[in-house]
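For what it's worth, the numbering used here labels the leading residue of the sequence shown as 119, then goes sequentially. Note that the Cβ used here is the ideal one computed from N, Cα and C, for glycine as well. Heads up, the thing below is written out as structure tokens.
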Amino acid sequence: MSESGNQESSRSPNGNASGTTPAARPAVGNRVTVVLGAQWGDEGKGKVVDLLAQDADMVCRCQGGNNAGHTVVVDSVEYDFHLLPSGIINPKATAFIGNGVVIHLPGLFEEAEKNERKGKGVKGWEERLIISDRAHIVFDFHQAVDGVQEQQRQEQAGKNLGTTKKGIGPVYSAKAARSGLRICDLLADFSQFSERYKGLAQQYKAMYPTLDIDIEGELIKLKNYVERIKPMVRDGVHYMYEALHGPPKKILVEGANAALLDIDFGTYPFVTSSNCTVGGVCTGLGMPPQNVGEVYGVVKAYTTRVGIGAFPSEQNNEVGELLQTRGKEVGVTTGRKRRCGWLDLVLVKYAYMINGFTAIALTKLDILDVLPEIKVGVAYKVDNQVIPHFPANQEVLLRVEVQYETLPGWNCDTSAARSFHELPENARKYVHFIEERLRVPVKWIGVGKSRESMIQLF
Ligand code: GDP
Ligand code: IMO
Ligand code: MG
Numbered sequence: 119m120s121e122s123g124n125q126e127s128s129r130s131p132n133g134n135a136s137g138t139t140p141a142a143r144p145a146v147g148n149r150v151t152v153v154l155g156a157q158w159g160d161e162g163k164g165k166v167v168d169l170l171a172q173d174a175d176m177v178c179r180c181q182g183g184n185n186a187g188h189t190v191v192v193d194s195v196e197y198d199f200h201l202l203p204s205g206i207i208n209p210k211a212t213a214f215i216g217n218g219v220v221i222h223l224p225g226l227f228e229e230a231e232k233n234e235r236k237g238k239g240v241k242g243w244e245e246r247l248i249i250s251d252r253a254h255i256v257f258d259f260h261q262a263v264d265g266v267q268e269q270q271r272q273e274q275a276g277k278n279l280g281t282t283k284k285g286i287g288p289v290y291s292a293k294a295a296r297s298g299l300r301i302c303d304l305l306a307d308f309s310q311f312s313e314r315y316k317g318l319a320q321q322y323k324a325m326y327p328t329l330d331i332d333i334e335g336e337l338i339k340l341k342n343y344v345e346r347i348k349p350m351v352r353d354g355v356h357y358m359y360e361a362l363h364g365p366p367k368k369i370l371v372e373g374a375n376a377a378l379l380d381i382d383f384g385t386y387p388f389v390t391s392s393n394c395t396v397g398g399v400c401t402g403l404g405m406p407p408q409n410v411g412e413v414y415g416v417v418k419a420y421t422t423r424v425g426i427g428a429f430p431s432e433q434n435n436e437v438g439e440l441l442q443t444r445g446k447e448v449g450v451t452t453g454r455k456r457r458c459g460w461l462d463l464v465l466v467k468y469a470y471m472i473n474g475f476t477a478i479a480l481t482k483l484d485i486l487d488v489l490p491e492i493k494v495g496v497a498y499k500v501d502n503q504v505i506p507h508f509p510a511n512q513e514v515l516l517r518v519e520v521q522y523e524t525l526p527g528w529n530c531d532t533s534a535a536r537s538f539h540e541l542p543e544n545a546r547k548y549v550h551f552i553e554e555r556l557r558v559p560v561k562w563i564g565v566g567k568s569r570e571s572m573i574q575l576f
């Protein structure tokens with residue numbers, strides 16, 4: 119399957135049902151390459167996107183907000199992206215934020231300016247960024263509500279969700295309740311926008327009386343963004359259509375969060391509020407499914423999770439500590455330590471079933487270099503019975519006993535390897551084991567943070 123390029127129009131050989139002249143089917147247009155997280159996030163999507171974005175014409179985000187934290191290391195400079203597509207680091211690429219993304223405008227500008235100061239990678243971002251007019255806006259009060267809701271969960275149920283407090287739950291709730299405000303509303307009549315903004319703020323104030331909302335202050339800030347974002351805003355559907363049906367273009371979509379955090383398929387309720395699986399690519403960009411080309415699943419060579427929720431292969435022991443320390447497993451957005459455990463192929467297979475990965479990028483293999491033996495989760499047992507699916511119910515997931523296979527470690531440094539054959543035999547066996555169990559080819563192997571530390575297999 120080609121990663122880009124126009125497909126010819128095709129005609130039905132037998133004509134249509136009425137036997138009249140067959141109708142021409144429109145050309146599919148450019149195919150889009152998609153990069154998605156296959157575990158609980160932080161698999162190294164930013165690095166994979168950076169690699170693929172080096173010759174991309176367009177890089178897109180389709181869901182999530184600045185709860186995401188994607189790291190890209192180029193020339194020893196570490197960039198962190200939250201709302202901007204990481205591929206913006208390619209100075210020739212246009213970056214598109216689709217309708218499915220929720221945007222906190224001050225956060226977006228701070229992120230862009232901070233990264234611009236770090237190095238030359240993000241120069242000229244303002245001229246290269248396009249924002250869909252249908253994207254919903256995250257207000258400061260959504261973020262405050264996120265915090266208050268977390269506190270209430272803690273007080274009422276004794277545990278919270280461990281959100282990033284970036285307002286993600288509240289803003290997607292407002293979107294579903296049809297009371298949200300979008301970029302197109304901000305750019306239309308500002309007095310009408312202000313009225314709706316105030317109405318929404320009052321609703322939250324009624325629900326959470328202790329909430330401190332600076333209505334006038336935020337409206338002034340928002341008004342100041344109007345002229346600045348105007349040149350960036352487009353009808354996202356039309357923009358995407360033109361990109362798909364214009365001259366051949368390499369278009370890349372960067373998923374945020376990950377399959378097990380997906381609102382429908384993740385470990386509900388300990389999930390985020392958007393679809394982080396392949397369906398979210400179409401709904402979040404306004405793109406027909408036939409334009410989806412390669413779908414790359416990013417899989418960390420072990421498993422991590424930030425925040426609360428069941429984690430069957432978690433290692434609350436020296437193995438978990440070693441993975442956390444060697445892997446520098448600290449959240450890019452919240453600075454929280456990530457929980458760590460063995461690779462769990464039951465959940466990666468589940469992510470594959472939903473997303474149809476065409477290949478895998480296996481990251482952070484180098485972190486396993488010092489382990490004498492490595493375990494891989496291959497099945498789940500509940501009440502001594504092997505269960506055939508990844509359980510939907512959290513209580514069941516908490517009771518899962520992971521069945522492991524143990525593979526020998528390789529006890530040597532892989533960070534300098536640049537081809538598959540430079541990896542030690544046991545590391546190659548580990549990769550083959552994953553491919554055989556998942557029946558998906560591994561296309562890249564990450565052995566370090568930098569752009570160069572990536573082995574391409576085909
Ligand atoms: P994302 O959210 O999926 O983009 O991932 P994050 O950026 O949150 O976390 C991944 C972390 O692992 C970052 O610090 C990356 O620089 C780092 N990383 C990515 N790939 C590799 C790799 O192959 N080896 C090592 N050692 N670090 C990696
Ligand atoms: P990237 O794109 C890891 C987790 C949070 C929390 C839950 C809900 O960097 O892989 P939210 O703020 O979205 O309402 O939080 O989801 N979470 C992530 N964990 N990586 C992410 O993004 C995450 N985005 C959300 O920790 O448990
Ligand atoms: Mg991350």
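Contact check for residue 392 against residue 159 fails: the beta carbons are separated by 8 angstroms or more.
Less than 8 angstroms separates the beta-carbon of residue 151 from that of residue 412. Taken through DSSP and simplified to helix, strand or coil, residue 224 comes out as helix.
A direct Cα-Cα distance of roughly 42 angstroms separates residue 329 from residue 192. Looking at the backbone, the Cα of residue 552 and that of residue 304 are separated by about 48 angstroms. The beta carbon of residue 570 sits no closer than 7 angstroms to any heavy atom of the ligand GDP.
Straight through space, the alpha carbons of residue 475 and residue 264 are spaced by roughly 33 angstroms. The Cβ neighbour count for residue 369, taken over all protein chains shown within 10 Å, is at least 16; the residue is labelled buried. Residues close to the ligand MG by the beta carbon criterion (under 5 angstroms to any non-hydrogen atom) are, from first to last along the chain, 160, 187 and 450. In this structure, the alpha-carbon of residue 250 lies about 13 angstroms from that of residue 405. Residue 204 is classed as buried because its beta carbon has at least 16 other beta carbons within 10 Å across all chains shown. With respect to the 8 angstroms criterion, residue 157 and residue 376 are classified as neighbours on the basis of their beta carbons. When C-alpha distances from residue 486 are compared across 542, 536 and 472, the shortest belongs to 542. In summary, residue 524 is exposed, with fewer than 16 beta-carbon neighbours lying within 10 Å of its beta-carbon over all protein chains present. Here residue 349 carries a helix assignment [DSSP, helix/strand/coil].
The C-alpha of residue 294 lies about 11 angstroms from the C-alpha of residue 287. Shortest gap from the CB of residue 549 to any heavy atom of the ligand GDP: 7 angstroms or more. At a Cβ-Cβ threshold of 8 angstroms, residue 187 and residue 418 do not count as neighbours. For residue 398, the three-state secondary structure derived from DSSP is helix. Excluding its 5 nearest sequence neighbours in each direction, residue 207 has C-beta neighbours in its own chain below 8 angstroms: 168, 171, 190, 192, 197, 239 and 240, listed in chain order. Annotation note: the segment 359-419 contains the following uninterrupted beta strand (DSSP E) runs of length 3 or greater, listed N- to C-terminal: 369-372 and 410-418. Bridge pairing for residue 257: absent [DSSP]. Less than 8 angstroms separates the beta-carbon of residue 148 from that of residue 366. A Cβ-Cβ distance of about 6 angstroms is found for the pair residue 371 and residue 180, placing them in contact under the 8 angstroms criterion.
Just so you know, the alpha carbons of residue 325 and residue 313 end up roughly 19 angstroms apart.
When DSSP states are grouped into helix, strand and coil, residue 451 belongs to the coil group. Shown here, residue 561 sits in a strand according to DSSP, grouped into three states.
In this structure, the beta-carbon distance from residue 424 to residue 443 does not fall below 8 angstroms. For residue 550, the three-state secondary structure derived from DSSP is helix. Nearest to residue 323 by C-alpha distance, out of 260, 517 and 285, is 260. Straight-line spacing of the CA atoms in residue 545 and residue 469 works out to 23 angstroms. Looking at the backbone, the Cα of residue 445 and that of residue 336 are separated by about 39 angstroms. Spatial neighbours of residue 351 in its own chain (CB-CB distance under 7 angstroms, excluding positions within 5 residues in sequence) are listed in chain order as 249, 251, 301 and 305.
For residue 309, the closest of 292, 410, 341 and 173 by C-alpha to C-alpha distance is 341. In summary, residue 471 is exposed, with fewer than 16 beta-carbon neighbours lying within 10 Å of its beta-carbon over all protein chains present.
Within the segment 231-282, the runs of beta strand (DSSP E) at least 3 residues long that lie entirely inside it are, in chain order, 247-250.
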